[in-house]
Structures are given as structure tokens and as C-alpha cells.
Amino acid sequence: MKKTALIVLAALSVAACKNVDKKEAPVETLTKNQIEKAVADSSSFTTIEWLDSTTQSLGKLTKGKEIEITWRFKNSGDKNLVIENVSASCGCTIPEKPEKPFAPGEEGVIKAKFNGSGSGSITKQVTVIANTKNTSTHLLTFTGEVSEK
Numbered sequence: 004m005k006k007t008a009l010i011v012l013a014a015l016s017v018a019a020c021k022n023v024d025k026k027e028a029p030v031e032t033l034t035k036n037q038i039e040k041a042v043a044d045s046s047s048f049t050t051i052e053w054l055d056s057t058t059q060s061l062g063k064l065t066k067g068k069e070i071e072i073t074w075r076f077k078n079s080g081d082k083n084l085v086i087e088n089v090s091a092s093c094g095c096t097i098p099e100k101p102e103k104p105f106a107p108g109e110e111g112v113i114k115a116k117f118n119g120s121g122s123g124s125i126t127k128q129v130t131v132i133a134n135t136k137n138t139s140t141h142l143l144t145f146t147g148e149v150s151e152k
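With our numbering applied, the sequence shown covers 4 to 152.
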């Protein structure tokens, strides 16, 4: 009886010690090497669902006035979604790359700032490279009409 009580007491003590320092995990950021590995390793591929249209019409734009374009997405797969790179088709568009991985079901945003110095119709692209099935390259497009005023 004493032996059983001692074993139960020891087990409870160990369990109590394990729960003392439980804290929420910090937001994970990945190194460049980890990002490249995730995009190349097919066992880590996932799927992405674009919540906004991948082609956006911005209508009339004013020359020299900066605007921000956003594309919302959701990790619709069962592995972490890693955005390896986000690039633009020209220097007038500056994209912003999310730095953290997105857990399954988590939503995120790709942002880009456009500041056109010319006039006329525009069609610009932002290229997203991620660890996604079927294709790792996703093209996001925006169009508009830039005028002097």
C-alpha cells in the first residue's frame, strides 16, 4: 500500500513539474535556408486559397499618388505555408513579403505599393513563390488608368 501511494505521489509530482513553465510558443520566423528547403521539399507542400481575386481593377489612379493593393489568402492545406519570395514586374511596384509561416487554416495578406510616374493604362504583376502543390508560382495582377489628376 505504501509503495502504491509513493508511486502515485511521484507521478503527480512529475506531472505538476511539467506544467509549471508552459508558455505560448513565440511566433516562428524562418531562416532563408529553412524557407528554401520548405519550397523545394514536396513533403512540405500545401495549398493556398486566394480570398480576393488574383486580378484586381483599381480604376482611375492619380499620377504620383501611392496606393496600396492587397490580396488576402488562406492556407487551405495541412502543412505550414511558407512564402519564399514576392517580386514585382517593375520598379513602380514594391511588394511586401510575409516573414512568418502560416499554419493550416491561417489567413494572411500579400501587400504591394504602387506609385506610377507615367500616364495611361497599366497592367502590373506581383509574383508569389510558395511551398504549394501543383505550382509554386502565383501571379497576382492589378490594372488601372493613371491620369495627371
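For glycine and all other residues, C-beta sits at the position ideal for the given N, C-alpha and C.
Leaving out five residues on either side along the sequence, give the residues of the same chain with a beta carbon under 8 Å from the beta carbon of Phe48. Gly80, Lys82, Asn134, Thr135, Lys136
Express the C-alpha separation of Glu109 and Ile125 in angstroms, rounding to a whole number. 32 Å
Taking Gly67 as the reference, give the member of Phe117, Phe145, Gln128, Leu143 with the closest Cα. Phe117
Note down the Cα distance separating Glu148 from Ser46, rounded to an integer number of angstroms. 43 Å
Taking a contact to mean a Cβ-Cβ separation below 9 Å, would you say Trp74 touches Ile113 in this structure? yes
Glu71 to Ala115 span [Cα, whole Å]: 6 Å
Using 10 angstroms around the beta-carbon of Leu143, count the other beta-carbons present and answer buried if the total reaches 16, otherwise exposed. buried
Using a Cβ-Cβ cut-off of 6 Å (strictly less than) and excluding sequence neighbours within five positions of Thr96, which residues of its own chain qualify? Ala115, Phe117, Lys127
Under the three-state DSSP convention, the category Ser60 falls into: strand
In this structure, does DSSP put Ser124 in helix, strand or coil? strand
What does DSSP give as the partner residue(s) for Ser139 in the beta ladder? DSSP lists no partner for Ser139.
Pick out whichever of Thr140, Pro107, Lys152 has its Cα sitting closest to the Cα of Ser122. Lys152
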